[in-house]
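A.B. asks:
Chains as they are written, first to last, in my numbering: chain A, 101 to 242; chain B, 30 to 203.
The following block contains the structure:
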């Protein structure tokens, strides 16, 4: 049921650190803003706090039952030296907290869904593709 | 087979030896048909409760060796991430308590504050918070989940299948 659109979305979103989502491109041509506000805050915070070797943020909201231009569902892939001595859960907490603080400061609530891949430089190869999110089962916006 | 299962079963989701085990035994089908794999909300606070406090949650996460807070129930997950956790648990043949946070807003907020973790699903093993969907998935891929379950006294079906296969291989060699 969701097969086609899911594949399609997986393709358009999150290829590499320099690529931008379909939505961002649309928005960019209208205003001179590269990313929508929540994504901008996330990227900025993750970049300054975690000094990532590689960062990929993709807005997966269109995969879900959301209004157009929503910023509710995100996936991030962060590769940082700061993860070197941290357990998996501590890495995730670090990413969660970094984003939470940044969004609070910018006056946003934490997003509905955030999927995290937190890797150390050793665990990462430049050709690594971010994992794909499972298809929506309709629990959002019930 | 729906898409999520396909995603879960694609080669990258297993370490190579586990993939062999999973193919060799129909773990998923037996799990789905022969046993009840969860007891849902047996001890959950009433949906009418305004708040769910810390002591209630501390008890709740210890009512079974594995406790999952999710959206929907294991038979009908209402979120792709919750479904992924259900599928992983099914593959490992784990019996667990599942609590549907969509039925209980107080529980949904309560558990988020309890763990200081912003998203659902949330998985507890031996009363300890392990993580959400991403962490479970990575533990499953790396084999760490089998170890964690073992610490809680649960032998993963995938491990059993692998051991059975090893024995068979050893016999065949003779």
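Built from N, CA and C at the ideal position, the CB exists for glycine as well.
State yes or no: is the beta carbon of residue 200 of chain A nearer than 8 Å to at least one beta carbon in chain B?
C.D. replies: Judged by the 8 Å Cβ criterion, residue 200 of chain A is in contact with chain B.
A.B. asks: Give the straight-line distance between the Cα atoms of residue 95 of chain B and residue 139 of chain A, rounded to the nearest whole angstrom.
C.D. replies: When rounded, the distance between both Cα atoms is 35 Å.
A.B. asks: In chain B, which residues lie less than 9 Å from residue 196 of chain A when you measure between Cβ atoms?
C.D. replies: Chain B residues near residue 196 of chain A: 145, 146, 147, 148.
A.B. asks: Examine chain A for any beta-carbon lying closer than 8 Å to the beta-carbon of residue 112 of chain B, and answer yes or no.
C.D. replies: So yes, residue 112 of chain B belongs to the interface.
A.B. asks: Have a look at B:141, B:98, B:125, B:135 and flag the residue whose alpha-carbon is nearest the alpha-carbon of residue 75 of chain B.
C.D. replies: Here the closest residue by C-alpha is B:135.
A.B. asks: Does any residue of chain B have a CB that is nearer than 8 Å to the CB of residue 119 of chain A?
C.D. replies: In this prediction, residue 119 of chain A scores a pLDDT of 43, lower than 50, which makes its location untrustworthy; the coordinate-derived value is nonetheless stated afterwards. Not closer than 8 Å to any Cβ of chain B, the Cβ of residue 119 of chain A fails to qualify, so no.
A.B. asks: Could you list which residues in chain B have their beta carbon closer than 7 Å to that of residue 210 of chain A, in chain order?
C.D. replies: The contacting residues are 147.
A.B. asks: Does DSSP put residue 136 of chain B in a helix, in a strand, or in coil?
C.D. replies: Helix.
A.B. asks: Using a C-beta to C-beta distance shorter than 7 Å, which residues of chain B count as neighbours of residue 238 of chain A?
C.D. replies: The contacting residues are 107.
A.B. asks: Taking 8 Å as the CB-CB cut-off, is residue 172 of chain B touching chain A?
C.D. replies: Not an interface residue.
A.B. asks: I'd like to check one pair, residue 189 of chain A with residue 164 of chain B: are the Cβ atoms closer than 8 Å?
C.D. replies: Going by C-beta atoms, residue 164 of chain B is nearer than 8 Å to residue 189 of chain A.
A.B. asks: Inspect the CB distances between the region 224 to 232 of chain A and the region 189 to 202 of chain A and report whether three or more fall short of 8 Å.
C.D. replies: With a cut-off of 8 Å, the region 189 to 202 of chain A and the region 224 to 232 of chain A do not count as touching, because too few Cβ pairs lie within range.
A.B. asks: Could you say which of B:153, B:104, B:89 lies nearest to residue 17 of chain B if we only look at CA atoms?
C.D. replies: An answer regarding residue 17 of chain B cannot be provided, because it is not within the stretch 30 to 203 covered by chain B.
A.B. asks: Going along chain A in order, which residues have a C-beta closer than 8 Å to the C-beta of residue 101 of chain B?
C.D. replies: In chain order: 237, 239.
A.B. asks: Just verifying my parser: in three-state terms, what is the DSSP assignment at residue 65 of chain B?
C.D. replies: With a pLDDT of 42 at residue 65 of chain B, under the threshold of 50, the predicted position of this residue should be treated as unreliable, though the coordinate-derived value follows. Three-state DSSP puts residue 65 of chain B in coil, outside helix and strand.
A.B. asks: I need the boundaries of the alpha helix (DSSP H) containing residue 99 of chain B, first residue and last residue.
C.D. replies: Premise fails: residue 99 of chain B lies in the beta strand (DSSP E), 95 to 99, not in any alpha helix (DSSP H).
A.B. asks: According to DSSP, simplified to helix, strand and coil, what is residue 83 of chain B?
C.D. replies: Helix.
A.B. asks: Mark residue 231 of chain A as exposed unless 16 or more other C-beta atoms lie within 10 angstroms of its C-beta, in which case mark it buried.
C.D. replies: Answer is buried; the Cβ neighbour count reaches 16.
A.B. asks: Against chain A, which members of the region 118 to 134 of chain B pass a CB distance test of less than 9 Å?
C.D. replies: Here the close residues are 131.
A.B. asks: Quick one: does residue 138 of chain B have its CB under 8 Å from some CB of chain A?
C.D. replies: Judged by the 8 Å Cβ criterion, residue 138 of chain B is not in contact with chain A.
A.B. asks: So residue 160 of chain B contacts chain A; which residues on that side make the cut at Cβ distance below 9 Å?
C.D. replies: The answer, in chain order, is 188, 189, 192.
A.B. asks: Note down, in chain order, every chain A residue with its Cβ under 8 Å from the Cβ of residue 164 of chain B.
C.D. replies: 188, 189, 192, listed in chain order.
A.B. asks: When you compare only the Cα positions, how much space is there between residue 192 of chain B and residue 192 of chain A?
C.D. replies: Cα to Cα, the separation comes out at about 33 Å.
A.B. asks: How is residue 218 of chain A classed by DSSP in three states: helix, strand or coil?
C.D. replies: DSSP places residue 218 of chain A in strand when its eight states are reduced to three.
A.B. asks: Compare the Cα-Cα distances from residue 240 of chain A to each of A:165, A:147, A:135 and report the closest residue.
C.D. replies: The shortest Cα separation from residue 240 of chain A among A:165, A:147, A:135 belongs to A:165.
A.B. asks: Which residues in chain A have a C-beta closer than 9 Å to the C-beta of residue 179 of chain B? List them in chain order.
C.D. replies: Under the 9 Å cutoff, chain A gives no residues; its nearest Cβ is about 18 Å from residue 179 of chain B.
A.B. asks: Could you check which residue in A:238, A:219, A:203 has the C-alpha nearest to that of residue 142 of chain A?
C.D. replies: Cα-wise, what sits closest to residue 142 of chain A is A:203.
A.B. asks: With residue 172 of chain A and residue 218 of chain A assumed to form a contact (beta carbons below 8 Å), what rounded beta-carbon distance in angstroms separates them?
C.D. replies: Not confirmed; about 21 Å, so no contact.
A.B. asks: In angstroms with no decimal places, state the Cα-to-Cα distance between residue 97 of chain B and residue 171 of chain B.
C.D. replies: When rounded, the distance between both Cα atoms is 20 Å.
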